[in-house]
Every structure is written in structure tokens, then in C-alpha cells.
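Peer 1: Counting in this note's numbering, the sequence shown runs from 88 upward without gaps.
Idealized CB from N, CA, C, for every residue including glycine.
Since the model is a prediction, treat every value here as computed from it, not as a measurement.
Here it is, the structure, as C-alpha cells.
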Amino acid sequence: MVDQIAKTFLNDGDEVILADITFPRYLTTTKMMGAVPIILPLNNFTYDLDAMKKAITNKTRLIWLCNPNNPTGTMFTEKTLIDFLNFAPKNIVIVYDEAYNEYVTSDDFPKDSIKLLDKYPNVLIMRTFSKIYGLAALRVGYTLASEEIIANINKTRGLSTLTPLLKLLQ
Ligand SMILES: Cc1ncc(COP(=O)(O)O)c(C=O)c1O
């Protein structure tokens, strides 16, 4: 899914904001698409969303957020996330990867992230069955986002050509 998101939204020269120590696939796919990674250090092993805000320019196309973060296991709070989403211009795709969300017990973690989609149509939530169900080899996961974002991703998956066939089978 990380590759698919990069393929859908990134072009040569787009700026992409990410943390220095995080899921490495964000960086490789960003580079694969010819985009320019803007890499920000963690603060006390935690995503520094204030620094990410300051790094936004009119070339920023996408921001990768991993909460809790792989590999540091640290998290940022719901309040911090909402503050960040309020600040970030809506033309920037914010990828909110919560591959490990089931492991967080802290009360101020954004447990119900789906509700963010109503107010922030530029957010894309990534989830996976790999971690909590121990199914890593299957690579089964899903993405939650606005219809527009999902339709765009489906175009790069080639699903748009399958859709009429699937309708015939219904
Ligand atoms: C933070 C994070 N996001 C996404 C993934 C990808 O998960 P999947 O196995 O569903 O491809 C992983 C897998 O290691 C991960 O650690």
C-alpha cells in the first residue's frame, strides 16, 4: 500500500516530509517516484510534528506519519495530531499509518481515527492485519480515505478496468 500511495500521488520534484527514523519504505518509495524527501529528526525518539509544520512549503505534496512509530514504539497524542491536521493545507496528502495502533493503551492516543476523515478529506489511514493478527506473510491491510482519494489509488492499481467486469458478475 505504501508503494501504491506513492505511485498515485508523487511526481518528480514534489516535496515529501518524513521522519528520519521510521518505517523505511516511506523513504524508498518517495525516492522511487523522484520526489524530494524532507527528513526531520525525531525529538526524544518521537515524531516532531512542530518541526514538520515548519517544513511545509508550497511544494509539499505528501507527509508520512507513523503512529505509533516503527521502530521506536513512541506515539503522539490525538491533540497533537488534530493540531497538525488543522495547520496542514488540505492539498497535502497526509498518510496516517497506524499499523501498530492496537498495541497502544494510552488514553490520549487517537483511538478512533476514522472520525478524522469527515473533517480532513486529505487524510489517508493505513491499517494492516500483519501485526496484531501475526499475518505478516499475507500482507493484508486496508486504507480508509475519502472516495476521491480511494478512486485515485484504484486507478493506479488498474482496478478501474476490473470494475465493469465485477459489476457483470454481481
Ligand atoms: C509502520 C508499518 N506500516 C506498514 C507496514 C506494512 O504492512 P503490510 O504487511 O500490511 O504490508 C508495516 C510492516 O512492517 C509497518 O511496520
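Does DSSP classify D99 as helix, strand or coil?
Peer 2: Here the question's residue 99 lines up with position 12 in the sequence shown. Note: D99 maps to coil in three-state DSSP.
Peer 1: Enumerated in chain order, which unbroken segments of the beta strand (DSSP E) with a length of 3 residues or greater are wholly contained in the segment 121-198?
Peer 2: With a minimum length of 3 residues, the continuous beta strand (DSSP E) runs that stay inside the segment 121-198 are 123-127, 147-153, 180-184.
Peer 1: Within this structure, are the beta carbons of T243 and T95 separated by less than 8 Å?
Peer 2: As a first step, residue 243 is located in the sequence shown; it is residue number 156 there, counting from the start. As a first step, residue 95 is located in the sequence shown; it is residue number 8 there, counting from the start. Contact flag set, yes.
Peer 1: Ligand 1 and N188: does any heavy atom of the ligand fall closer than 7 Å to the residue's C-beta?
Peer 2: Mapped onto the sequence shown, residue 188 falls at position 101. Not under cutoff, so the answer is no.
Peer 1: State the start and end residues of the unbroken alpha helix (DSSP H) segment that holds M88.
Peer 2: Mapped onto the sequence shown, residue 88 falls at position 1. Segment: none, M88 is in no alpha helix (DSSP H) and carries neither H nor E.
Peer 1: Start and end of the alpha helix (DSSP H) containing I236?
Peer 2: For the purposes of this step, residue 236 is taken as residue 149 along the sequence shown, with counting starting at 1. Its alpha helix (DSSP H) spans residues 234-244.
Peer 1: Would you call P197 buried or exposed, if buried means 16 or more other Cβ atoms sit within 10 Å of its Cβ?
Peer 2: Against the sequence shown, residue 197 aligns to sequence position 110. Burial call: buried.
Peer 1: Exposed or buried, what is P158 when buried is set at 16 or more other beta-carbons lying within 10 Å of its beta-carbon?
Peer 2: Counting from 1 along the sequence shown, the entry for residue 158 is found at position 71. Looking at its Cβ environment, which holds fewer than 16 other Cβ atoms inside 10 Å, P158 is exposed.
Peer 1: How would you label N154, buried or exposed, when you count the other beta carbons within 10 angstroms and need 16 or more for buried?
Peer 2: Translated into the one-based positions of the sequence shown, residue 154 becomes position 67. Buried.
Peer 1: Could you check whether the Cβ of D205 sits closer than 7 Å to any heavy atom belonging to ligand 1?
Peer 2: In the sequence shown, the residue the question calls residue 205 occupies position 118. False, no ligand heavy atom lies under 7 Å from that Cβ.
Peer 1: Going by DSSP in three states, I212 sits in which element: helix, strand or coil?
Peer 2: Here residue 212 is taken as the residue at index 125 of the sequence shown, counted from 1. It is a strand residue.
Peer 1: Which partner residues does Y229 have in the DSSP bridge list?
Peer 2: Residue mapping note: residue 229 aligns to position 142 of the sequence shown, counting from 1. DSSP output for Y229 lists R214 as bridge partner(s).
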